[in-house]
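Peer 1: Taking the UniProt record's numbering, I'd label the letters of the sequence shown as residues 1 to 475. One structure follows; several queries about it will come next.
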Amino acid sequence: MIENYKDFTADRSHILCIPCNGRYTRGYHIEIKHFLPLFQAVEQDRHVLRRKLTSKESELDARIIELQNDLSELTAKLAAKENLLKQWEREKGNLVLELNAQNSRLTSQLKEAAAKEQQLQLQLESYKEQLTLGKSNLQEHMSSVDGLRDELDLVAEKNRELERRLHMAAAERDSMASALEEASDRILLLERHAQGAGHALPAEPEGVQPAAGEAVHRGEAKRRCHHSHPGEHRSLLSEMDISEPSLSQECMSVYRQLRSLVAQLKSHSDDDSGLHSDCSTTSLDDSSRFSPGLLSEVAQELVSLVLDTDVVRLMDRLEQARREIQERDEELTRRAEKIMELSSKASVCEVELAAALEERDRARHDATDTSLAQDEVVLKAREDRDAAVQRRTKVEVELAKTRVELMQANSQLIESIQQKVDLSQQLEQWQMDMQELLDEQLRNKLSTQELKMRKITNDAPVALPRRRLLSFFQR
Numbered sequence: 001m002i003e004n005y006k007d008f009t010a011d012r013s014h015i016l017c018i019p020c021n022g023r024y025t026r027g028y029h030i031e032i033k034h035f036l037p038l039f040q041a042v043e044q045d046r047h048v049l050r051r052k053l054t055s056k057e058s059e060l061d062a063r064i065i066e067l068q069n070d071l072s073e074l075t076a077k078l079a080a081k082e083n084l085l086k087q088w089e090r091e092k093g094n095l096v097l098e099l100n101a102q103n104s105r106l107t108s109q110l111k112e113a114a115a116k117e118q119q120l121q122l123q124l125e126s127y128k129e130q131l132t133l134g135k136s137n138l139q140e141h142m143s144s145v146d147g148l149r150d151e152l153d154l155v156a157e158k159n160r161e162l163e164r165r166l167h168m169a170a171a172e173r174d175s176m177a178s179a180l181e182e183a184s185d186r187i188l189l190l191e192r193h194a195q196g197a198g199h200a201l202p203a204e205p206e207g208v209q210p211a212a213g214e215a216v217h218r219g220e221a222k223r224r225c226h227h228s229h230p231g232e233h234r235s236l237l238s239e240m241d242i243s244e245p246s247l248s249q250e251c252m253s254v255y256r257q258l259r260s261l262v263a264q265l266k267s268h269s270d271d272d273s274g275l276h277s278d279c280s281t282t283s284l285d286d287s288s289r290f291s292p293g294l295l296s297e298v299a300q301e302l303v304s305l306v307l308d309t310d311v312v313r314l315m316d317r318l319e320q321a322r323r324e325i326q327e328r329d330e331e332l333t334r335r336a337e338k339i340m341e342l343s344s345k346a347s348v349c350e351v352e353l354a355a356a357l358e359e360r361d362r363a364r365h366d367a368t369d370t371s372l373a374q375d376e377v378v379l380k381a382r383e384d385r386d387a388a389v390q391r392r393t394k395v396e397v398e399l400a401k402t403r404v405e406l407m408q409a410n411s412q413l414i415e416s417i418q419q420k421v422d423l424s425q426q427l428e429q430w431q432m433d434m435q436e437l438l439d440e441q442l443r444n445k446l447s448t449q450e451l452k453m454r455k456i457t458n459d460a461p462v463a464l465p466r467r468r469l470l471s472f473f474q475r
């Protein structure tokens with residue numbers, strides 16, 4: 001600054017020239033002294049102002065740069081907003097088009113769902129009728145199972161009744177054996193008395209023959225009286241009237257009748273079983289062919305045939321009952337399978353009907369919500385989605401419960417079938433036990449009767465035909 005001032009003064013002094021140099025030199029110096037502080041202050045102010053201007057320019061440049069950055073950011077944001085708005089407008093147009101297409105599609109689906117709903121309702125009604133019919137048939141089968149159980153109880157009662165009758169027959173047989181022994185003793189006494197009477201009256205053969213005939217008639221009358229009153233016993237005098245020839249003839253006639261009866265029973269049994277056996281009745285024309293023990297053999301054979309016939313009839317009835325039980329079990333199993341199939345079809349139809357109803361309701365809601373705003377449509381779609389998820393969860397829970405109930409019904413059905421199988425096995429076991437019991441009782445009877453007959457034969461071989469005859473009549 002000082003150098004510039006000196007230059008300025010030099011130039012000025014040069015300009016003022018020489019004439020005024022002396023006069024103005026002092027004034028100039030005075031002015032210089034007077035204005036020098038002012039110039040210095042002005043220079044200082046100018047320097048400060050320059051510094052302030054420089055700082056303000058730098059601040060202004062920074063502010064301008066900042067404003068330019070903000071402007072660029074705002075421009076980018078505005079462009080992004082414009083792009084987003086354009087994209088939103090495009091999406092809105094696409095959504096409107098999609099909603100219009102969905103509306104038309106849902107309208108057509110609504111019509112189809114209404115027709116399908118009507119068809120499913122008709123099918124559901126038919127399935128319900130079939131299910132009701134199956135339940136009624138199941139009740140009928142359960143009642144038939146109860147009837148079969150009653151029949152099994154009845155067969156068991158008959159089995160016990162047969163056992164009781166067998167025990168009674170065994171008791172009667174023992175009583176008859178004791179009566180037979182008593183009658184054999186009486187016959188021995190009568191034979192001895194007849195032999196004594198024959199030795200005492202050898203000279204009256206012509207009178208003996210009419211007396212023998214009369215004795216035969218009286219013996220027949222006594223025998224009929226004995227059959228009409230089995231509890232009463234003959235007296236010794238009435239038994240003494242029976243003669244030896246009449247007893248022989250009567251034994252032969254009884255033997256012939258027994259043989260013919262045995263032949264008839266064998267022929268009937270052969271016809272029933274499909275076999276053919278050569279059964280020929282032996283006719284006894286001579287008394288010499290009649291030997292001791294024939295009547296007992298024929299009686300044993302007759303008893304065995306009668307018991308075999310009863311056993312065969314009882315086994316046939318048991319076999320028929322077992323076949324009926326098996327047929328009913330098979331029929332019940334088929335009905336149960338049919339009921340299960342119809343139940344599964346009904347459950348599937350109910351699920352389809354529920355889905356159709358849900359789709360119809362959703363289509364109706366979509367049709368009513370087409371006039372709403374876009375945000376409301378989106379919100380409504382979200383609510384429909386949440387409701388659909390809840391309904392699906394509920395349907396899954398109900399389906400799980402239905403599966404559990406179906407498994408329980410299947411287990412109950414399997415238990416009922418197992419009970420029926422157990423009943424059939426029990427019936428077969430009863431049949432086997434009854435057959436074994438009858439065979440054992442028959443063997444015991446035959447062995448006991450054979451032992452008694454051997455004992456009687458060893459004790460009194462002469463009076464054996466008469467004992468067999470009296471035992472047959474006492475039976």
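We treat Cβ as the ideally placed atom computed from N, Cα and C, and that holds for glycine.
Are the CB atoms of Ala363 and Leu95 nearer to each other than 8 Å?
Peer 2: As a working note, residue 363 is residue 363 in the sequence shown. As a working note, residue 95 is residue 95 in the sequence shown. Not in contact: Ala363 and Leu95 (Cβ atoms no closer than 8 Å).
Peer 1: Can you find the residues in the same chain that come closer than 7 Å, C-beta to C-beta, to Ala356, ignoring five residues on each side of it along the sequence?
Peer 2: Taking the sequence shown and counting its residues from 1, one reaches residue 356 at position 356. Closer than 7 Å at Cβ, skipping near neighbours: Ala113, Lys116, Glu117 and Leu120.
Peer 1: Quick one: Cα of Leu406 to Cα of Ala101, how far?
Peer 2: If you number the sequence shown from 1, residue 406 lands on position 406. If you number the sequence shown from 1, residue 101 lands on position 101. C-alpha separation (whole angstroms): 43 Å.
Peer 1: Around the C-beta of Ile414, are 16 or more other C-beta atoms found within 10 angstroms, so that it is buried, or is it exposed?
Peer 2: Taking the first residue of the sequence shown as 1, we reach residue 414 at position 414. Exposed: under 16 other Cβ atoms inside 10 Å.
Peer 1: Going straight from the alpha carbon of Ile339 to that of Val351, what length do you get?
Peer 2: Counting from 1 along the sequence shown, the entry for residue 339 is found at position 339. Counting from 1 along the sequence shown, the entry for residue 351 is found at position 351. Distance between the alpha carbons of Ile339 and Val351 is about 18 Å.
Peer 1: Once the 5 residues before and after Leu60 are set aside, which same chain residues still bring their CB inside 6 Å of it?
Peer 2: Position 60 of the sequence shown, counted from the first residue, corresponds to residue 60. Closer than 6 Å at the Cβ level, and outside the excluded window around Leu60, lies no residue.
Peer 1: Pull up the CB-CB distance for Glu428 and Arg322, whole angstroms please, since I reckon it's below 8 Å.
Peer 2: As a first step, residue 428 must be located in the sequence shown, where it is residue number 428. As a first step, residue 322 must be located in the sequence shown, where it is residue number 322. About 6 Å; that satisfies the 8 Å criterion.
Peer 1: Below 8 Å on the Cβ atoms is my guess for Gln431 versus Leu342; work out the distance and round it to an integer in Å.
Peer 2: For the purposes of this step, residue 431 is identified with residue 431 of the sequence shown, where counting begins at 1. For the purposes of this step, residue 342 is identified with residue 342 of the sequence shown, where counting begins at 1. Wrong, their Cβ atoms sit about 37 Å apart, outside the cutoff.
Peer 1: Hey, Leu124 and Cys349 are a contact pair by Cβ (cut 8 Å); roughly how many whole angstroms apart?
Peer 2: Locating residue 124 in the sequence shown gives position 124, counting from the first residue. Locating residue 349 in the sequence shown gives position 349, counting from the first residue. Their Cβ separation, rounded to whole angstroms, is 5 Å, which keeps Leu124 and Cys349 in contact under 8 Å.
Peer 1: For Val421, which of Val389, Lys455, Gln449 and Glu324 has the nearest alpha-carbon?
Peer 2: Within the sequence shown, the letter at position 421 stands for residue 421. The candidate whose alpha carbon is nearest that of Val421 is Glu324.
Peer 1: Please classify Asp329 as buried or exposed, where buried requires at least 16 neighbouring CB atoms within 10 angstroms.
Peer 2: For the purposes of this step, residue 329 is taken as the residue at position 329 of the sequence shown. Buried is the call here.
Peer 1: Just to confirm, are Ala354 and Val395 a CB contact at a threshold of 8 Å?
Peer 2: To locate residue 354, count along the sequence shown from 1; it is residue 354. To locate residue 395, count along the sequence shown from 1; it is residue 395. Contact flag set, yes.
Peer 1: Would Lys345 and Tyr127 be called neighbours here (beta carbons separated by less than 8 Å)?
Peer 2: Your numbering for residue 345 matches position 345 in the sequence shown. Your numbering for residue 127 matches position 127 in the sequence shown. Result yes, Cβ atoms of Lys345 and Tyr127 sit closer than 8 Å.
Peer 1: Quick one, which of Glu376, Glu337 and Arg391 has its alpha-carbon nearest Asp361's?
Peer 2: The sequence position of residue 361 within the sequence shown is 361, counting from 1. Measuring from the Cα of Asp361, the nearest candidate turns out to be Arg391.
Peer 1: To the nearest angstrom, how far is the alpha carbon of Glu31 from that of Arg50?
Peer 2: Counting from 1 along the sequence shown, the entry for residue 31 is found at position 31. Counting from 1 along the sequence shown, the entry for residue 50 is found at position 50. Whole-angstrom Cα-Cα distance: 27 Å.
Peer 1: Count the other CB atoms within 10 Å of the CB of Leu379; is the residue buried (16 or more) or exposed (fewer)?
Peer 2: Taking the sequence shown and counting its residues from 1, one reaches residue 379 at position 379. When all chains shown are included, Leu379 counts as exposed.
Peer 1: Using alpha carbons as the reference points, say which of Gln426, Gln441, Ser108 and Ile417 lies closest to Arg164.
Peer 2: Taking the first residue of the sequence shown as 1, we reach residue 164 at position 164. It is Gln441.
Peer 1: Can Met315 and Gln435 be called in contact, C-beta distance under 8 Å?
Peer 2: By one-based count along the sequence shown, residue 315 stands at place 315. By one-based count along the sequence shown, residue 435 stands at place 435. In this structure, Gln435 lies closer than 8 Å to Met315 by Cβ.
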